[in-house]
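Right, one structure below, let's go through it.
Numbering (my numbering), first residue to last: -5 to 251.
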């Protein structure tokens, strides 16, 4: 029996501004990446999202990003490794504190947006993030792009690693994500996304934007919570996996830790 985790980026509302339908998405996912206030979210939203996860039996992860509320953390920044480490330690520490205050443990860390994309290709930045995860202790899992620098950094530093794929993002032939600035970067067809995820889970492959078949079997698949079709897509993916007899469980269960 195949096992896979479904994760979503949640807790991205800020003050009076509401983004996404978190509680509806939580009905279909098993892990949540919760914004920590730098690219989105705020302390009150962070706490409310953790409590909603507890009620829905969804595992919690920190979702640190660049200090870029205006750009939603999707603009590249020229950060030093020390800055990357400090920014991550600060944000993950906040999420971990809120989890512990609510009597639960932080399961994982997944960087957001530009931080994620830059570190996936940059071994120095990936190691800075992995070190921040390790220094917070508690066997926290680093969740990052499959076959990227994240996996190497996690092994070097000594933290558990989970390979991630994306249901609603197109891939380049080299396994990196198609930049959002390019046509076709985001997949909006729920049926297409669901079929891609089933193939990832059962065959260990995904088709790149040029038709190239990329080999990888992810531990977790991301469904973005800020897209208009997020709820429909999450439900379609979950149903398709059930029909393919794939168990949808949290990251720790997939990894067996």
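Virtual Cβ for every residue (Gly too), placed ideally from N, Cα, C.
Same chain, Cβ closer than 7 Å to residue 33, neighbours up to 5 away in sequence not counted: Here the question's residue 33 lines up with position 39 in the chain shown. If the five residues before and after residue 33 are omitted, its C-beta is found closer than 7 Å to the C-beta atoms of 59, 60, 62, 63, 66, 67, 106 and 107, all from its own chain and listed in chain order.
Between the segment 97 to 105 and the segment 229 to 248, do at least 3 Cβ pairs fall closer than 8 Å? At 8 Å Cβ cutoff, the stretches touch.
Length at least 3, wholly inside the segment 67 to 139: the beta strand (DSSP E) runs in chain order: Segments of the beta strand (DSSP E) lying fully in the segment 67 to 139: 135 to 139.
On the DSSP bridge list, what partners appear for residue 242? For this step, residue 242 is matched to residue 248 along the chain shown. Residue pairing by DSSP puts residue 242 in a beta bridge opposite -2.
Pull up the CB-CB distance for residue 23 and residue 235, whole angstroms please, since I reckon it's below 8 Å. Indexing the chain shown from 1 puts residue 23 at position 29. Indexing the chain shown from 1 puts residue 235 at position 241. Here residue 23 is actually not in contact with residue 235; their C-beta atoms are around 11 Å apart, not less than 8 Å.
C-beta contact flag for residue 109 and residue 159 at 8 Å: Along the chain shown, read from residue 1 onward, the residue named residue 109 stands at position 115. Along the chain shown, read from residue 1 onward, the residue named residue 159 stands at position 165. Not closer than 8 Å, so no.
Measuring alpha carbon to alpha carbon, tell me which of 163, 251, 135 and 148 ends up nearest residue 120. Locating residue 120 in the chain shown gives position 126, counting from the first residue. Between residue 120 and the set 163, 251, 135 and 148, the nearest pair of CA atoms involves 148.
Which word fits residue 38, buried or exposed, when buried means at least 16 other C-beta atoms lie within 10 angstroms of its C-beta? Reading the chain shown from its first residue, position 44 is the one you call residue 38. The residue in question, residue 38, is exposed, as its Cβ has fewer than 16 Cβ neighbours within 10 Å.
State the CB to CB distance for the pair residue 137 and residue 55, rounded to an integer number of angstroms; the pair is presumed to be in contact (CB under 8 Å). As a first step, residue 137 is located in the chain shown; it is residue number 143 there, counting from the start. As a first step, residue 55 is located in the chain shown; it is residue number 61 there, counting from the start. Going by Cβ atoms, the distance from residue 137 to residue 55 rounds to 7 Å, so yes, they are a contact pair.
Secondary structure at residue 144, three-state DSSP: helix, strand or coil? Start at 1 with the first residue of the chain shown, and residue 144 comes out as number 150. Under the three-state reduction of DSSP, residue 144 is assigned to helix.
What is the residue span of the alpha helix (DSSP H) that residue 323 lies within? Given a span of -5 to 251 for the chain in the structure shown, any question on residue 323 remains unanswerable.
What are the boundary residues of the alpha helix (DSSP H) that includes residue 158? Numbered from 1 along the chain shown, position 164 holds the residue referred to as residue 158. Looking at the DSSP string, residue 158 is not in any alpha helix (DSSP H); the run it does join, the beta strand (DSSP E), is 155 to 160.
Rounded Cβ spacing between residue 46 and residue 13 (contact assumed at less than 8 Å): On the chain shown, position 52 is the one that residue 46 refers to. On the chain shown, position 19 is the one that residue 13 refers to. With a Cβ gap of about 14 Å, residue 46 and residue 13 do not count as contacting.
Pairs of beta-carbons, one from the segment 224 to 235 and one from the segment 178 to 192, closer than 8 Å: are there three or more? In short, these stretches touch, since the Cβ pair count reaches three.
Close beta carbons around residue 249, own chain, < 8 Å, minus the five adjacent residues each side: Within the chain shown, numbered from 1, the residue matching residue 249 stands at position 255. Correct list, in chain order: 135, 154, 156 and 213.
Using the Cα positions of residue 75 and residue 125, report the straight-line distance between them to the nearest angstrom. Mapped onto the chain shown, residue 75 falls at position 81. Mapped onto the chain shown, residue 125 falls at position 131. For the pair residue 75 and residue 125, the Cα-to-Cα distance works out to about 10 Å.
Using 8 Å as the threshold, is the C-beta distance between residue 30 and residue 85 below it? In the chain shown, counting from the first residue as 1, residue 30 sits at position 36. In the chain shown, counting from the first residue as 1, residue 85 sits at position 91. Yes, Cβ-Cβ distance for residue 30 and residue 85 is below 8 Å.
Quick one: give me the first and last residue of the alpha helix (DSSP H) that residue 194 is part of. Indexing the chain shown from 1 puts residue 194 at position 200. Here the alpha helix (DSSP H) through residue 194 covers 184 to 197.
So which of 28, 83 and 201 has the shortest CA-CA distance to residue 181? Taking the first residue of the chain shown as 1, we reach residue 181 at position 187. With distances taken between CA atoms, residue 181 lies nearest to 201 out of 28, 83 and 201.
Just to confirm, is the Cβ distance from residue 116 to residue 210 under 8 Å? For the purposes of this step, residue 116 is taken as residue 122 along the chain shown, with counting starting at 1. For the purposes of this step, residue 210 is taken as residue 216 along the chain shown, with counting starting at 1. Not in contact: residue 116 and residue 210 (Cβ atoms no closer than 8 Å).
Residues bridged to residue 11 (per DSSP): The residue labelled residue 11 in the question sits at position 17 within the chain shown. According to DSSP, residue 11 bridges with 8.
Taking all protein chains shown into account, do 16 or more other C-beta atoms lie within 10 angstroms of the C-beta of residue 11, making it buried, or fewer, making it exposed? Locating residue 11 in the chain shown gives position 17, counting from the first residue. Under this definition residue 11 is an exposed residue.
Between the Cα of residue 7 and those of 28, 185 and 127, spot the shortest distance and give me the residue it belongs to. Stepping through the chain shown from its first residue, residue 7 is reached at position 13. Nearest to residue 7 by C-alpha distance, out of 28, 185 and 127, is 28.
Roughly how many whole angstroms lie between the Cα atoms of residue 152 and residue 2? Position 158 of the chain shown, counted from the first residue, corresponds to residue 152. Position 8 of the chain shown, counted from the first residue, corresponds to residue 2. Approximately 25 Å, taken between the alpha carbons.
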